[in-house]
Amino acid sequence: MKRVHIAPTLLDAQLVVDALSSLGIVSHIFNANAAGALGEVPFLQAQPEVWVEDDTRECQEREVLVDFLNVKPGAEKICPRTAASTTPATS
């Protein structure tokens, strides 16, 4: 397993896991319940982390994350799986 993302909140981590999952990439959230330990545990060690199971696909996983995390607010987002299978109609 390999860590591919450190999220600022648990919700952000879940969104990343959902995006990876939609492409068939198995991932897990570590430190999901660590926020309750803040004060006892340093802040940076309590942030939710996204880890993927398949180390060999790390490059692909990081590309997905870059695309996912760089979407501007209000920008239209197209599912990569759907976009790849959809071809424009020709007349």
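Under the working numbering, the residues of the sequence shown are numbered 221 to 311, in order.
For glycine and all other residues, C-beta sits at the position ideal for the given N, C-alpha and C.
DSSP-derived helix/strand/coil call for residue i
i: V270; result: strand
i: C299; result: coil
i: L243; result: coil
Whole-angstrom distance between residue j and residue i, CA atom to CA atom
i: V272; j: N253; result: 19 Å
i: H248; j: L230; result: 12 Å
i: D238; j: P268; result: 14 Å
i: V284; j: A227; result: 15 Å
i: Q234; j: L243; result: 14 Å
i: S311; j: R301; result: Note on S311: pLDDT 49, under 50, position unreliable in the model; no value is reported.
i: D275; j: I245; result: 11 Å
Counterpart residues of residue i in DSSP-defined beta bridges
i: F250; result: E269
i: I226; result: E269
CB contact below 8 Å: residue i versus chain D
i: V246; result: Chain labels in this structure do not include chain D; a single protein chain is all it has.
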